[in-house]
Each structure stands twice: as C-alpha cells, then as structure tokens.
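The next block holds one structure in the form of structure tokens; read it before the comments.
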Amino acid sequence: MREFDYIIVGGGSAGCVLAEKLTACGRHQVLLLEAGPSDRRFWVQVPIGYGILFHQKAVNWMYNTDPVPGLDGRVIYHPRGKVLGGSGSINALVYHRGQAGDYDDWAAAGNDGWSYADVAPHFEQLETPPQDDPGAPHLSVTDNSADFHPMGSDFLEICRQGQLPVCDAPAREGTGITPYLTTTRDGQRCSSAKAFLRPAMRRRNLTVVTGAHVSRISFEGKRARSVSYSRNGQDYKVRAGAEIILAAGAVGSPQILQLSGVGDARYLQSIGIRSVHNAPHVGRHLQD
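One gets the working numbering by counting positions in the sequence shown from 1 and adding 1250 to each.
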C-alpha cells in the first residue's frame, strides 16, 4: 500500500490551497484526490462558459434536493463542482467576502481565530500578493468597472433614489449595491486550481489523481489511517502517515464520513454501516 504524509480528499476551492501550502516546504509527500477531471477545459476557463457548466455532468454533480416542505414540496436544483477547482471552476466568478458578523458569530460560538479581525489578513493575502513576493500564489480579484454597462449605472442610480446603500466602486465586503469583482486573470477564470494548485503541481512531492471516487476512510481505533477509492474501474487504497484531510465540499465530506462510520450511529447501523464514531449531526443541518 502506497503511503503519503498527507492525503487531501477533494480538489476544490479549499483542497487546492491546502495542496499548495502543505507542499511548499518540500518535506511532505502529499496526495490530492479529486473525483472530477482536470480544469483544463475551454468552457471552464472562458468566463461566459459558466452558463454551460451549470448543466454539464462532466464537471458538475448536478444534485437535486429531496422535496422541501418549507418550499411547498419543491425539488431544488443544487449544482456543485466536480472538477479541479471545485465549484470555483463552474461558478459565475463573482467575488465578495463573507459578512463580518458571520465570522464574529463563529468566534463567539467558541471557534477561536475565526473572528473577522482574525480572518481579514488572510483575505488580504489571498487577494493580493505580498510586495516582496509578487509571484506568490493568489487569486486575481479583478475590478471590471471600466467595462461597466450603462444599464448598471442606471440601476445604481435607481437604488440610490430608493435610499438603498450604494457603493459606486467595487467593494470586497459589506451589504449593499455595488459593481462586483471577479476572479479572473488575463480574461480567463482564476480558480484556486489555477492560482494555487497549478504552480504546486511542478513540485515532486505533490501527486494529483483525478477521476478518483473515494468510497471510505479506514480507521485504526479512532485514528483515520487510509483512504479507499476507485478510478477507471480499479480499486485503490492509500495510507496517510500524518493526516487525512476531508475537503470534499458541503455534500461530499459528510457523505464520506457517513460511509466511513462517522455519523448518527443508529442511522448508520440501520443501513448496514458499522459505527466508528457516533456524531449525530454529521449529514444534517445543510443551509444554502
């Protein structure tokens, strides 16, 4: 069984950044497993292609919810990226920071280091390379206001007349109406795959496997030790010397945990999965 120091499950927005950071020192052997294909596809790279990717099975899980009681029983379409870069490779490229109050709420709930004051420097680092290292991996957050359509200016004026909060210059944070920023570079999409993973793939200590469908994580006691996955009809198992990091998204990560025996023990046992750790909230409470 092949062994790596770190195994990252999911090559999406978070997984690509993790792969770059963990391999930067050169000491760690890192494996990144992604269920989807490479992001080197025309419609992924061309910004206008997001309308096509919205319903393209090759790069999109194309989930549908169960009927939602609060929405009169309707089934809601729930697109999720299945490609290097994750949903950041199929979305509409609009960039805006989360609300400061949300981060402060996380910190107040006991998550030290997650207040807005704590995370703001990381946003800055993500958006703009340091002056002493302009080639450092970063998202290209682009101001497109020079190409702002006249209808957009009219819309801002109508909002201003309606006494809504309007910011004429593109804003990275806050609530209101503003021209949006995009994650583009040289007219093409700049996902975390392009910004972080692509440069890191030149390193000899990073292995990236696409088309890898993870079926479970195996434990020794309470410690995660190995990952089982299939690719092109073949089954594989790889071992982690240090850590297994789940970065498979809001749907994929809890699914893999449950398949691995981490979740509501009573529910898992009812469907024939041996419980490794009883965590009743895994697989519940998704809000979108």
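Yeah, the Cβ is synthetic: ideal placement off N, Cα and C, and Gly gets one too.
DSSP beta-bridge partners of residue i
i        : result
Phe-1254 : Ala-1490
Arg-1438 : First, the amino acid is wrong: residue 1438 is Gln here, not Arg. Note: Gln-1438 sits in a beta bridge opposite Arg-1435.
Tyr-1345 : Leu-1431
Asp-1393 : Leu-1431
Phe-1469 : Ala-1474
Asn-1310 : Gly-1331
Asn-1528 : Gly-1513
Ser-1365 : In the DSSP output, where bridge partners are listed per residue, Ser-1365 has none listed.
His-1463 : Ser-1480
Thr-1457 : Leu-1281
Residues near residue i by beta carbon distance below 7 Å, same chain, minus five either side
i        : result
Tyr-1479 : Leu-1283, Ala-1462, His-1463, Val-1464, Ser-1465 and Tyr-1486
Leu-1536 : Ala-1500
Arg-1475 : Ser-1468, Phe-1469, Arg-1489 and Ala-1490
Ala-1342 : Tyr-1300
Asn-1455 : Thr-1273, Gly-1276, His-1278, Gln-1279 and Val-1280
Val-1344 : Tyr-1430 and Thr-1432
Pro-1317 : Gly-1323, Arg-1324 and Val-1325
For residue j and residue i, the rounded distance between their alpha carbons
i        : j        : result
Ala-1386 : Arg-1324 : 46 Å
Ile-1506 : Ile-1467 : 7 Å
Tyr-1300 : Ala-1285 : 20 Å
Gly-1335 : Asp-1289 : 7 Å
Asn-1529 : Tyr-1517 : In the sequence as presented, Asn is not what sits at residue 1529; that position holds Ala. Distance between the alpha carbons of Ala-1529 and Tyr-1517: 11 Å.
Thr-1273 : Gly-1320 : 45 Å
Ser-1395 : Asp-1382 : 28 Å
Ala-1492 : Cys-1275 : 15 Å
Ser-1399 : Leu-1406 : Ser is not the amino acid found at residue 1399; the sequence shown has His there. Each residue's alpha carbon lies about 11 Å from the other.
Asp-1233 : Gly-1483 : It is not possible to answer for residue 1233, since the shown part of the chain is limited to 1251 through 1538.
Ile-1258 : Leu-1268 : 8 Å
Gly-1412 : Gly-1402 : 15 Å
Tyr-1256 : Leu-1414 : 48 Å
Trp-1364 : Thr-1460 : 32 Å
Beta carbon of residue i nearer than 8 Å to that of residue j
i        : j        : result
Glu-1270 : Ala-1450 : yes
Arg-1252 : Val-1488 : yes
Leu-1496 : Ser-1503 : yes
His-1346 : Arg-1422 : yes
Gly-1424 : Val-1416 : no
Leu-1431 : Val-1391 : yes
Arg-1511 : Ser-1520 : A small fix is needed here, since residue 1511 is Gly in this sequence, not Arg. No.
Ser-1337 : Ser-1263 : yes
His-1527 : Lys-1472 : yes
Selection from the options that minimises the alpha carbon distance to residue i
i        : options                                   : result
Ala-1490 : Glu-1377, Ala-1274, Leu-1507 and Phe-1469 : Phe-1469
Val-1294 : Leu-1281, Asn-1310 and Thr-1428           : Asn-1310
Arg-1481 : Pro-1287, Gly-1412 and Ser-1263           : Pro-1287
Val-1296 : Arg-1439, Thr-1378 and Gly-1483           : Arg-1439
Cys-1266 : Ala-1498, Gln-1306 and Val-1318           : Ala-1498
Thr-1434 : Trp-1356, Leu-1389 and Gly-1513           : Leu-1389
Val-1477 : Ile-1494, Lys-1332 and Thr-1273           : Ile-1494
Gln-1306 : Gly-1533, Lys-1332 and Gly-1522           : Lys-1332
Asp-1538 : Gln-1381, Ala-1443, Gly-1471 and Ile-1326 : Ile-1326
Asp-1397 : Asp-1368, Ile-1523 and Ala-1419           : Ala-1419
Asp-1393 : Phe-1292, Ser-1442, Thr-1378 and Asp-1404 : Thr-1378
His-1531 : Gly-1513, Gly-1522 and Ile-1523           : Gly-1513
Own chain, CB closer than 8 Å to residue i, minus 5 neighbours either side, in chain order
i        : result
Phe-1304 : Asn-1310, Pro-1329 and Ile-1340
Thr-1457 : Phe-1254, Gln-1279, Val-1280, Leu-1281 and Leu-1282
Gly-1437 : Pro-1297
Same chain, Cβ closer than 6 Å to residue i, neighbours up to 5 away in sequence not counted
i        : result
Ala-1350 : Tyr-1366
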